[in-house]
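Novice: Under UniProt numbering, think of the first position of the sequence shown as 1, with each following residue one higher. The beta carbon of each residue, even a glycine, is placed where N, CA and C say it ideally should be. To start, I am sharing the structure in question, which I have written as structure tokens.
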Amino acid sequence: MAPVRTAVVHPCDALSLGGALDARDAGIITPVLVAPLAKLRAVAADFGLDLGDSEIVDVPHSHAAAATAARLAGKGEVQALMKGSLHSDEYLGAILAPEAGLRTERRLTHCYIMQTASYPRPFIITDAAINIAPSLEDKADIVRNAIDLAHVIGVAEPKVAILAAVETVNPRMRSTLDAAALCKMADRGQITGGLVDGPLAFDNAVSPEAAQVKGIRSAVGGQADVLVVPDLESGNMLAKQLEFLGGAESAGIVMGARVPIVLTSRSDSRTTRLASCAIALMLAERRRAAPP
Numbered sequence: 001m002a003p004v005r006t007a008v009v010h011p012c013d014a015l016s017l018g019g020a021l022d023a024r025d026a027g028i029i030t031p032v033l034v035a036p037l038a039k040l041r042a043v044a045a046d047f048g049l050d051l052g053d054s055e056i057v058d059v060p061h062s063h064a065a066a067a068t069a070a071r072l073a074g075k076g077e078v079q080a081l082m083k084g085s086l087h088s089d090e091y092l093g094a095i096l097a098p099e100a101g102l103r104t105e106r107r108l109t110h111c112y113i114m115q116t117a118s119y120p121r122p123f124i125i126t127d128a129a130i131n132i133a134p135s136l137e138d139k140a141d142i143v144r145n146a147i148d149l150a151h152v153i154g155v156a157e158p159k160v161a162i163l164a165a166v167e168t169v170n171p172r173m174r175s176t177l178d179a180a181a182l183c184k185m186a187d188r189g190q191i192t193g194g195l196v197d198g199p200l201a202f203d204n205a206v207s208p209e210a211a212q213v214k215g216i217r218s219a220v221g222g223q224a225d226v227l228v229v230p231d232l233e234s235g236n237m238l239a240k241q242l243e244f245l246g247g248a249e250s251a252g253i254v255m256g257a258r259v260p261i262v263l264t265s266r267s268d269s270r271t272t273r274l275a276s277c278a279i280a281l282m283l284a285e286r287r288r289a290a291p292p
């Protein structure tokens, strides 16, 4: 695949700048570095990073960097966006601004693609970074976006587990009611492209043995490709536990906009940033190949 032209928003620390340059050197992105020029050069000099002939757009501060990058994406001058050393709300606020022209009919949702030695396939956790307490309508878009991403990474019919603390519908637990409603939406064709089941507890979503012991008959149970969490807090804790205690590798991407949006934590490694750029390239390639 040809590298995707990507606006890198305020990469003013060693990790974010190094990650962007790693992706450039790997042929994954063609970076457009949107940042204060003097600060960018100082970081490169301090950490021995070679800016080479990378295009630089000089802006006064991080807020201007986010707005400028979003504008470039909206005009089609870049085909992806990558977060640098700024807060996520500042980054996403510029992307969501009406003047950027990046919104679609879908809600913006975040997906962690994760891989760990204890599970036989890569899987997606969503949403653990954007939607704090998603409504049923929000969750429907969370599922749709995750299914789209699963297709891009090669899963033809992803198995989507709607997580809760229990496997049965409990009127006092909203997550179980939402799970039941999402499954019925899938039955009626409002959500397509994957197999949706829930509520499922985490153990019987990923463990065939746990699903069997609990007598759960499900095409999803024990072999989920997508884990849809009840809210941001539970999803963020799950993803970070897998990463920091379970040795999982991860990539972070935002779906639902007109361009792929790389969204990583400021503490994420250069490997995670590189993997996230690779996912953005795959998404951009699908858009390039799509009929007009």
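Taking the CB atoms as reference points, tell me whether Ala67 and Ala100 lie closer together than 9 Å.
Specialist: Position 67 of the sequence shown, counted from the start, is the residue given in the question as residue 67. Position 100 of the sequence shown, counted from the start, is the residue given in the question as residue 100. Cβ atoms of Ala67 and Ala100: closer than 9 Å.
Novice: I think Ala239 touches Ile153, with their Cβ atoms under 8 Å apart; what is that distance to the nearest whole Å?
Specialist: Along the sequence shown, one-based indexing puts residue 239 at 239. Along the sequence shown, one-based indexing puts residue 153 at 153. With a Cβ gap of about 17 Å, Ala239 and Ile153 do not count as contacting.
Novice: Quick one: grab the DSSP three-state call for Asp241.
Specialist: Stepping through the sequence shown from its first residue, residue 241 is reached at position 241. According to the sequence displayed, residue 241 carries Gln and not Asp. Correct three-state label for Gln241: helix.
Novice: Can you check which of these residues, Phe123, Leu40, Leu232, is closest to Lys139 by C-alpha distance?
Specialist: As a working note, residue 139 is residue 139 in the sequence shown. That would be Leu232, whose Cα lies nearest to the Cα of Lys139.
Novice: Taking Cβ positions, are Glu209 and Gly198 nearer each other than 9 Å?
Specialist: Within the sequence shown, the letter at position 209 stands for residue 209. Within the sequence shown, the letter at position 198 stands for residue 198. Cβ distance not < 9 Å, so Glu209 and Gly198 don't count as in contact.
Novice: If you measure between the beta carbons of Val8 and Ala45, is that distance less than 9 Å?
Specialist: Working through the sequence shown from its first residue, we reach residue 8 at position 8. Working through the sequence shown from its first residue, we reach residue 45 at position 45. No, these two residues do not count as a Cβ contact at 9 Å.
Novice: Among residues of its own chain, excluding the 5 on either side of Asp141, which ones have a beta-carbon nearer than 7 Å to its beta-carbon?
Specialist: Numbered from its first residue, the sequence shown carries residue 141 at position 141. Closer than 7 Å at Cβ, skipping near neighbours: Arg106, Arg107, Thr109, Gly256.
Novice: For Pro31, report the span of its beta strand (DSSP E) as first-last.
Specialist: Numbered from its first residue, the sequence shown carries residue 31 at position 31. Start and end: 29 to 35.
Novice: What's the gap between the Cα of Glu249 and the Cα of Gly52?
Specialist: Along the sequence shown, one-based indexing puts residue 249 at 249. Along the sequence shown, one-based indexing puts residue 52 at 52. Spanning the two alpha carbons is a distance of roughly 29 Å.
Novice: Can you list, in chain order, the residues of its chain whose CB lies under 6 Å from that of Arg5, leaving out five sequence neighbours each side?
Specialist: Position 5 of the sequence shown holds residue 5. Thr30, Val78, Gln79.
Novice: How should Ile132 be labelled, buried or exposed, when 16 other C-beta atoms within 10 angstroms of its C-beta is the threshold for buried?
Specialist: As a position in the sequence shown, residue 132 is number 132, starting the count at 1. Burial call: exposed.
Novice: Just to confirm, is the Cβ distance from Cys12 to Gly84 under 9 Å?
Specialist: Here residue 12 refers to the residue found at position 12 of the sequence shown. Here residue 84 refers to the residue found at position 84 of the sequence shown. Against a cut-off of 9 Å, the Cβ pair of Gly84 and Cys12 comes out as a contact.
Novice: Of the choices Ser62, Val32, Arg41, whose alpha-carbon is the least far from that of Ser54?
Specialist: Residue 54 sits at position 54 when you count from the first residue of the sequence shown. The option with the nearest alpha carbon to Ser54 is Val32.
Novice: Within the same chain, show all residues whose beta-carbon is closer than 7 Å to that of His63, passing over the 5 residues directly before and after it, in chain order.
Specialist: Looking up residue 63 in the sequence shown gives position 63. Within the same chain, His63 has close Cβ partners Glu90.
Novice: Run through DSSP, which three-state label would Tyr112 get?
Specialist: Sequence index remark: in the sequence shown, residue 112 carries index 112 (1-based). Tyr112 falls in the strand class under three-state DSSP.
Novice: On the premise that Ala14 lies in contact with Phe47, defined as a C-beta separation below 8 Å, what is that separation, rounded to the nearest angstrom?
Specialist: The sequence position of residue 47 within the sequence shown is 47, counting from 1. The sequence position of residue 14 within the sequence shown is 14, counting from 1. With a Cβ gap of about 4 Å, Phe47 and Ala14 count as contacting.
Novice: Going by C-alpha to C-alpha distance, which of Ala26, Leu17, Gly18, Ala35 sits closest to His10?
Specialist: The residue you call residue 10 lines up with position 10 of the sequence shown. With distances taken between Cα atoms, His10 lies closest to Ala35.
Novice: With distances taken from CA atoms, which of Val228, Ala161, Val259, Ala165 is nearest Ala219?
Specialist: As a position in the sequence shown, residue 219 is number 219, starting the count at 1. The candidate whose alpha carbon is nearest that of Ala219 is Ala161.
Novice: Taking Cys111 as the reference, give the member of Leu200, Ile130, Gly93 with the closest Cα.
Specialist: One-based indexing of the sequence shown puts residue 111 at position 111. The residue with the shortest Cα to Cα distance from Cys111 is Ile130.
Novice: In the DSSP assignment, the beta strand (DSSP E) including Ile125 goes from what residue to what residue?
Specialist: The residue labelled residue 125 in the question sits at position 125 within the sequence shown. Unbroken beta strand (DSSP E) run through Ile125: 123 to 126.
Novice: Among His87, Asp50, Met82, Ile95, which has the Cα closest to the Cα of residue 293?
Specialist: In the structure as shown, the chain starts at 1 and stops at 292, and residue 293 therefore has no counterpart that could be examined.
Novice: Any idea what DSSP makes of Leu163, helix, strand or coil?
Specialist: Mapped onto the sequence shown, residue 163 falls at position 163. DSSP places Leu163 in strand when its eight states are reduced to three.
Novice: Please go through the stretch 55 to 102 and give each complete beta strand (DSSP E) segment of 3 or more residues, from N-terminal end onward.
Specialist: For the stretch 55 to 102, whole beta strand (DSSP E) runs of length 3 or above, ordered along the chain, are 55 to 58, 80 to 83.
Novice: So what does DSSP say about Met1, is it helix, strand or coil?
Specialist: Residue numbering aside, residue 1 sits at position 1 when the sequence shown is read from its first letter. Three-state result, Met1: coil.
Novice: To the nearest angstrom, report how far apart Leu242 and Ala42 are at their CA atoms.
Specialist: Counting from one through the sequence shown, the residue named residue 242 turns up at place 242. Counting from one through the sequence shown, the residue named residue 42 turns up at place 42. Cα to Cα, the separation comes out at about 35 Å.
Novice: Buried or exposed: where does Val213 fall if 16 or more other Cβ atoms within 10 Å of its Cβ makes it buried?
Specialist: Reading the sequence shown from its first residue, position 213 is the one you call residue 213. Its Cβ having fewer than 16 others within 10 Å, Val213 is exposed.
Novice: Going along the chain, which residues of its own chain have a beta-carbon closer than 8 Å to the beta-carbon of Ser207, five neighbours each way excluded?
Specialist: Within the sequence shown, numbered from 1, the residue matching residue 207 stands at position 207. Once the five neighbours on either side are set aside, the close Cβ partners of Ser207 are Gly222.
Novice: For His61, which residues in the same chain have their Cβ closer than 7 Å to its Cβ, ignoring the five residues on either side in sequence?
Specialist: Within the sequence shown, the letter at position 61 stands for residue 61. Excluding residues within five positions, the ones whose Cβ falls inside 7 Å are Pro36.
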